[in-house]
Amino acid sequence: MGIIKDIVVDNCKILQEESRKIGLITGSNRNLITDTTVKNSEVDGSKKVGSICGESRDNIQNCHAISVTITGVLESGGLVGCARENTTISSCSVSDVIVEGSQKTGGVCGVNFRCAIKSTIVNESEISGAKNIGGLAGILVNSTISHCHVKNSKLEGIERIGGLFSTVESGGTISNCSCCVTIKGKTDIGGFGFKILDCLIEESYSSVDIYANSSCSGFVHNPIDNSSISNCFAIGSFNCRKDIHALCSTEPESIQQCYWNFSSKIIQDQTNSSKVNTTDITKLQTYILL
21 MGIIKDIVVD
31 NCKILQEESR
41 KIGLITGSNR
51 NLITDTTVKN
61 SEVDGSKKVG
71 SICGESRDNI
81 QNCHAISVTI
91 TGVLESGGLV
101 GCARENTTIS
111 SCSVSDVIVE
121 GSQKTGGVCG
131 VNFRCAIKST
141 IVNESEISGA
151 KNIGGLAGIL
161 VNSTISHCHV
171 KNSKLEGIER
181 IGGLFSTVES
191 GGTISNCSCC
201 VTIKGKTDIG
211 GFGFKILDCL
221 IEESYSSVDI
231 YANSSCSGFV
241 HNPIDNSSIS
251 NCFAIGSFNC
261 RKDIHALCST
271 EPESIQQCYW
281 NFSSKIIQDQ
291 TNSSKVNTTD
301 ITKLQTYILL
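Residue numbers for the sequence shown, in my numbering: 21 to 310.
Structure below.
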């Protein structure tokens with residue numbers, strides 16, 4: 021194991037549409053990658069595609085993707101296609117990046133498997149695909165996510181779309197995170213995330229404009245299996261035909277001190293939450309970002 025550091029990649033292309041584990045720094049990473057930037061570049065592959073690396077099994081810190089286009093089929097991310105066990109992605113950023121995939125597509129990583137993402141930002145980027153699309157990550161498996169934010173970004177797909185993530189599997193925690201996004205899809209959309217299983221979300225919020233046919237929620241659409249949400253809120257607007265929910269479509273195992281405020285009519289609210297005015301929302305937003 022070694023260190024990869026102080027690299028700048030500018031105006032570079034890797035176009036390998038049928039290849040796996042594709043990145044501009046390395047394909048499959050087993051080293052610490054730090055203080056590295058990829059900009060004005062293009063990466064095209066099949067599975068596990070990212071600007072920094074296709075797959076990582078070691079830490080990535082203070083790395084940045086700027087004005088990069090990433091195209092893949094499965095597990096495509098703005099930085100990493102798939103982050104594997106014990107990887108920590110920290111103090112990184114993705115800005116003005118386009119990530120296009122079919123399934124498991126995210127602004128930072130397509131899949132995060134038993135890893136952590138900390139203090140990382142996605143800004144003014146576009147993430148698109150068919151399903152399992154998230155502003156930060158497509159799929160989170162038993163992951164720890166903290167102080168991460170998706171800002172001024174656009175997500176587009178067919179189903180299972182979330183402002184921060186699509187699906188949390190096999191547990192995990194998410195805290196002090198936010199997403200300010202526009203989401204366009206057909207069905208199964210959550211302003212913060214689509215689905216969580218045995219997950220704790222706290223002190224986080226979504227500010228979202230959702231355009232869809234049906235099955236939309238302002239925060240997490242489908243919280244199941246002992247999931248808990250506390251000190252969170254959702255704001256924005258719905259442009260959906262039916263099956264609209266303020267926070268969640270079903271009641272999670274525990275929901276405490278959660279709020280919402282939407283300009284459009286909420287057809288259903290299945291949770292123990294409250295609508296509050298914009299002044300109270302601003303106070304909550306400041307608290308979460310501390």
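Where a beta carbon is used, it is the ideal one built from N, C-alpha and C, also for glycine.
inquiry  = Suppose you measure from the CA of residue 183 to the CA of residue 213; what does that come to, to the nearest Å?
reply    = Locating residue 183 in the sequence shown gives position 163, counting from the first residue. Locating residue 213 in the sequence shown gives position 193, counting from the first residue. Taking the straight line from one Cα to the other gives about 6 Å.
Margin query: Only counting the same chain, and skipping five residues up and downstream in sequence, which positions put a Cβ closer than 6 Å to that of residue 223?
Written below: As a position in the sequence shown, residue 223 is number 203, starting the count at 1. Correct list, in chain order: 195, 196, 251, 308.
Assign residue 35 to buried or exposed, taking buried as 16 or more other Cβ atoms, counted over all protein chains shown, within 10 Å of its Cβ. Stepping through the sequence shown from its first residue, residue 35 is reached at position 15. It counts as exposed.
Fill in: Endpoints, beta strand (DSSP E) assigned at residue 158
Translated into positions along the sequence shown, residue 158 becomes position 138. Where residue 158 is concerned, the enclosing beta strand (DSSP E) stretches over 157 to 166.
Can you list, in chain order, the stretches of the beta strand (DSSP E) that have 3 or more residues and sit fully within the stretch 192 to 279? 198 to 204, 207 to 210, 213 to 217, 219 to 222, 225 to 237, 240 to 244, 248 to 250, 253 to 265, 274 to 276
Anticipated Cβ contact below 8 Å, residue 263 with residue 283, distance rounded:
In the sequence shown, residue 263 corresponds to position 243, counting from 1. In the sequence shown, residue 283 corresponds to position 263, counting from 1. Actually they do not touch by this definition, with Cβ atoms about 18 Å apart.
Give me the Cα-Cα distance between residue 136 and residue 105, rounded to the nearest whole angstrom. Here residue 136 refers to the residue found at position 116 when the sequence shown is read from its first residue. Here residue 105 refers to the residue found at position 85 when the sequence shown is read from its first residue. Using only the alpha carbons, I get a separation of about 9 Å.
### Query
Is the CB-CB distance between residue 127 and residue 111 below 8 Å?
As a first step, residue 127 must be located in the sequence shown, where it is residue number 107. As a first step, residue 111 must be located in the sequence shown, where it is residue number 91. No, the pair does not count as a contact, with Cβ atoms beyond the cut-off.
Buried or exposed by the 16-neighbour rule on C-beta atoms within 10 Å, applied to residue 28: Your numbering for residue 28 matches position 8 in the sequence shown. Residue 28 should be labelled exposed.
Inter-residue Cα distance where the pair is residue 66 and residue 43:
Sequence index remark: in the sequence shown, residue 66 carries index 46 (1-based). Sequence index remark: in the sequence shown, residue 43 carries index 23 (1-based). Each residue's Cα considered, the two are about 11 Å apart.
Run the CB neighbour count on residue 141, radius 10 Å, all protein chains shown included, and call it buried at 16 or more, exposed below. Here residue 141 refers to the residue found at position 121 of the sequence shown. Buried, because 16 or more other Cβ atoms sit within 10 Å of the Cβ of residue 141.
Original post:
What residues match up with residue 187 in a beta bridge as DSSP calls it?
Top reply: By 1-based counting over the sequence shown, the position of residue 187 is 167. Answer is 159, 215, bridged to residue 187.
> Using CA coordinates, which residue listed in 56, 187, 37, 50 is at the minimum distance from residue 30?
Replying inline: Looking up residue 30 in the sequence shown gives position 10. Ranking the options by Cα distance to residue 30, first place goes to 56.
With a threshold of 7 Å on Cβ separation, who are the neighbours of residue 310 within its own chain once the five nearest residues in sequence on each side are excluded? Within the sequence shown, the letter at position 290 stands for residue 310. Residue confidence is low: residue 310 scores 49 on pLDDT, short of 50, so the model does not pin down where it sits. No coordinate-derived value is stated.
Check: Span of the beta strand (DSSP E) holding residue 153?
Finding: One-based indexing of the sequence shown puts residue 153 at position 133. Element bounds for residue 153: 151 to 154.
Notebook entry, point to check: For residue 101 versus residue 129, is the C-beta distance shorter than 8 Å?
Noted result: Along the sequence shown, one-based indexing puts residue 101 at 81. Along the sequence shown, one-based indexing puts residue 129 at 109. Yes, Cβ-Cβ distance for residue 101 and residue 129 is below 8 Å.
* Beta bridge counterpart(s) of residue 52 as assigned by DSSP -> For the purposes of this step, residue 52 is identified with residue 32 of the sequence shown, where counting begins at 1. In DSSP, residue 52 forms a bridge with 23.
task = Spell out the partners DSSP gives residue 123 in its beta bridges.
result = Against the sequence shown, residue 123 aligns to sequence position 103. In the DSSP output, where bridge partners are listed per residue, residue 123 has 94, 151.
With 16 other Cβ atoms within 10 Å as the buried cut-off, status of residue 90:
Position 70 of the sequence shown, counted from the first residue, corresponds to residue 90. So residue 90 ends up on the buried side.
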